[in-house]
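Chemist:
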Ligand code: SF4
Ligand code: SF4
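Numbering (my numbering), first residue to last: 219 to 707.
Right, here's the structure in full:
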């Protein structure tokens with residue numbers, strides 16, 4: 219068994235160690251992927267087969283396809299998803315968002331956080347097993363390549379232990395070359411979600427000296443993904459993933475998890491043929507024949523029969539392995555299945571607990587706020603500020619004039635021609651340098667604006683100025699500012 223740790227049942231204090239002894243009989247007292255000195259125990263999981271693996275494969279191909287073609291998909295000319303942190307520009311399902319959409323971002327983040335809580339409380343780590351990119355890429359892409367090149371678990375273990383012959387060097391080199399090439403593709407895909415495909419192609423095709431930072435990030439992302447999938451593997455889920463840590467605080471006895479039905483399985487013991495279930499029952503034996511197939515396929519090296527554990531990513535491999543064993547010995551499938559601990563212990567169906575009801579109410583309220591914010595979101599956002607350091611001026615015909623800086627963000631996927639009109643006072647507004655202003659799609663434009671008022675419109679040297687922002691004769695926004703002049707004209 220790959221996760222069989224030499225001396226796992228011993229309980230002793232290491233010489234010279236000040237720490238308390240490891241109780242290897244207690245699975246909670248040690249990591250299945252570390253030996254008694256804390257060194258990594260490499261896991262060689264057996265290739266899973268079965269209906270859940272098949273379903274997961276279909277879901278994986280679909281999600282991986284979406285992930286890889288995502289940056290190339292355009293909606294209304296905008297990327298499907300873009301998180302350009304550098305230019306502070308975001309595109310979600312083709313809708314452009316700017317840092318000014320703070321309220322929307324805040325509510326969306328709250329909604330995201332709350333839904334994680336609710337989802338995890340109800341369905342445990344369904345996300346980890348079925349949709350997490352780390353699991354999909356590790357189990358469905360990198361692991362499959364490994365099986366193809368090095369064979370199943372036993373062959374991998376033998377190759378691992380073998381001396382460095384030409385055969386071993388060739389296999390390892392081919393595997394790691396493919397891993398690195400794939401990591402390059404994954405790293406660049408991630409980068410294109412951040413900077414956009416156009417910028418990524420520019421970095422690849424332009425003079426490298428112009429894109430030193432971009433190239434450095436390409437290498438960094440490639441190296442990080444290579445290390446994760448070639449070396450770090452299940453450790454990323456156990457030690458790094460914050461969601462993995464969070465789930466242990468959220469799940470309870472009503473959460474749906476991959477669980478071993480200990481009431482049906484215990485007491486475990488080998489099957490001595492011919493032995494009927496009734497005979498096993500008489501001997502106090504359950505359905506578990508202690509074949510360790512569920513452990514052999516586990517990519518995190520744990521034994522699910524010990525109960526729900528932090529390392530379990532709910533990948534369903536043990537469910538398939540155990541179902542195959544049950545088929546062989548003529549017992550019903552589902553000794554390891556999706557179930558809540560309560561349903562196993564008390565044979566109760568899934569319950570919608572008050573805690574879940576509370577989470578759901580908060581989730582619905584936040585969703586309503588988000589929908590409202592999105593529905594009332596203005597297509598443009600503008601600001602009119604007095605030009606810093608500029609004083610008022612008086613024209614030859616006695617009018618007063620102020621200089622402003624006008625900034626306008628176009629959040630739509632088409633150009634917007636913009637004109638400005640005073641709304642609360644009679645006066646003249648002139649866009650400097652040009653008669654009109656056209657804001658490119660999903661972009662920002664800024665210009666200087668001159669406003670002229672007659673002195674009688676000012677009270678105590680000031681006037682409140684409301685300016686309408688018009689496009690094709692329709693007011694799309696209003697901005698407010700102050701007009702200043704002499705206190706005693
Ligand atoms: S695969 Fe099933 S029968 Fe075999 S050890 Fe695991 S739980 Fe028991
Ligand atoms: S215990 Fe089962 S579901 Fe959990 S990680 Fe291992 S094989 Fe996957």
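Where a beta carbon is used, it is the ideal one built from N, C-alpha and C, also for glycine.
Cutting at 7 angstroms between CB atoms, please list the residues of its own chain near residue 489, excluding the five before and the five after it.
Modeler: Taken in chain order, the residues that qualify are 507, 547.
Chemist: Measuring alpha carbon to alpha carbon, tell me which of 309, 668, 268 ends up nearest residue 608.
Modeler: 668
Chemist: From what residue to what residue does the beta strand (DSSP E) around residue 661 run?
Modeler: 661 to 671
Chemist: How many angstroms separate the CA atom of residue 605 from the CA atom of residue 666?
Modeler: 8 angstroms
Chemist: For residue 489, which of helix, strand or coil comes out of DSSP?
Modeler: coil
Chemist: Could you give the residue range of the alpha helix (DSSP H) that holds residue 332?
Modeler: 320 to 341
Chemist: Can you name the residues that DSSP bridges to residue 686?
Modeler: Residue 686 is bridged by DSSP to 639, 696.
Chemist: Considering only residues of the same chain and omitting the five flanking positions on each side of residue 432, which have a CB-CB separation below 6 angstroms?
Modeler: 421
Chemist: Taking 8 angstroms as the cut-off, decide whether the C-beta atoms of residue 338 and residue 581 are in contact.
Modeler: Residue 338 is not a Cβ neighbour of residue 581, given a cutoff of 8 angstroms.
Chemist: For residue 594 and residue 452, I'd like the C-alpha separation in whole angstroms.
Modeler: 44 angstroms
Chemist: Could you compute how far the alpha carbon of residue 366 sits from the alpha carbon of residue 520?
Modeler: 24 angstroms
Chemist: For a minimum of 4 consecutive residues, which ranges assigned as the alpha helix (DSSP H) are wholly contained in the region 434 to 469?
Modeler: If one requires a minimum length of 4 residues, the alpha helix (DSSP H) runs lying completely within the region 434 to 469 are 460 to 468, in chain order.
Chemist: Return yes when the Cβ of residue 555 is within less than 8 angstroms of the Cβ of residue 537, no when it is not.
Modeler: yes
Chemist: Assuming residue 346 and residue 532 are in contact, meaning their beta carbons sit under 8 angstroms apart, how far apart are those beta carbons, in whole angstroms?
Modeler: 6 angstroms
Chemist: May I ask you to list the residues that DSSP assigns as paired with residue 599?
Modeler: 627
Chemist: Would the beta-carbon of residue 314 fall within 8 angstroms of that of residue 629?
Modeler: yes
Chemist: Assuming contact is defined by CB atoms lying nearer than 8 angstroms, are residue 334 and residue 577 in contact in what I supplied?
Modeler: no
Chemist: In angstroms, rounded to a whole number, what distance separates the CA positions of residue 691 and residue 633?
Modeler: C-alpha separation (whole angstroms): 15 angstroms.
Chemist: Flag residue 503 as yes when its Cβ comes closer than 7 angstroms to any non-hydrogen atom of ligand 1, and as no otherwise.
Modeler: no
Chemist: Answer with buried or exposed for residue 374, where buried requires no fewer than 16 other C-beta atoms within 10 angstroms of its C-beta.
Modeler: buried
Chemist: Could you tell me the boundaries of the beta strand (DSSP E) in which residue 261 lies?
Modeler: No beta strand (DSSP E) holds residue 261; DSSP gives it neither H nor E.
Chemist: If you draw a straight line from the C-alpha of residue 559 to the C-alpha of residue 543, how long is it?
Modeler: 22 angstroms
Chemist: So, using beta-carbon positions, are residue 636 and residue 689 closer together than 8 angstroms?
Modeler: Yes, they are a contact pair.
Chemist: Is it buried or exposed, residue 503, if we count other Cβ atoms within 10 angstroms and call 16 or more buried?
Modeler: With 16 or more other Cβ atoms within 10 Å, it is buried.
Chemist: In terms of residues, what are the limits of the beta strand (DSSP E) holding residue 476?
Modeler: 475 to 478
Chemist: Any idea what DSSP makes of residue 522, helix, strand or coil?
Modeler: Taken through DSSP and simplified to helix, strand or coil, residue 522 comes out as helix.
Chemist: Can you check DSSP and say which residues form a bridge with residue 702?
Modeler: 680
Chemist: State yes or no: is the C-beta of residue 678 within less than 8 angstroms of the C-beta of residue 701?
Modeler: No. Outside cutoff.
Chemist: Quick check: is any heavy atom of ligand 1 less than 7 angstroms from the C-beta of residue 511?
Modeler: yes
Chemist: Following a CB-centred definition, is residue 365 positioned closer than 7 angstroms to any heavy atom of ligand 1?
Modeler: no
Chemist: Quick check on this structure: which residue in 350, 427, 444, 517 has the alpha carbon closest to the alpha carbon of residue 460?
Modeler: 350
Chemist: Please work out which residues of its chain come closer than 6 angstroms, Cβ to Cβ, to residue 222, disregarding the five sequence neighbours upstream and downstream, and give them in chain order.
Modeler: Reliability fails at residue 222, whose pLDDT of 38 lies under 50, so the model's placement of it is uncertain and the value that follows must be treated cautiously. The answer is none, since no qualifying residue turns up.
Chemist: In chain order, which alpha helix (DSSP H) runs of at least 4 residues are fully inside the region 540 to 603?
Modeler: 559 to 564, 572 to 593
Chemist: For residue 511, which residues of its own chain have a beta-carbon under 6 angstroms away from its beta-carbon, when the five flanking residues on both sides are left out?
Modeler: 539, 543
Chemist: Could you tell me the alpha carbon to alpha carbon distance between residue 514 and residue 567, rounded to whole angstroms?
Modeler: 30 angstroms
Chemist: Closer than 7 angstroms: is that where the CB of residue 508 sits relative to any heavy atom of ligand 1?
Modeler: yes
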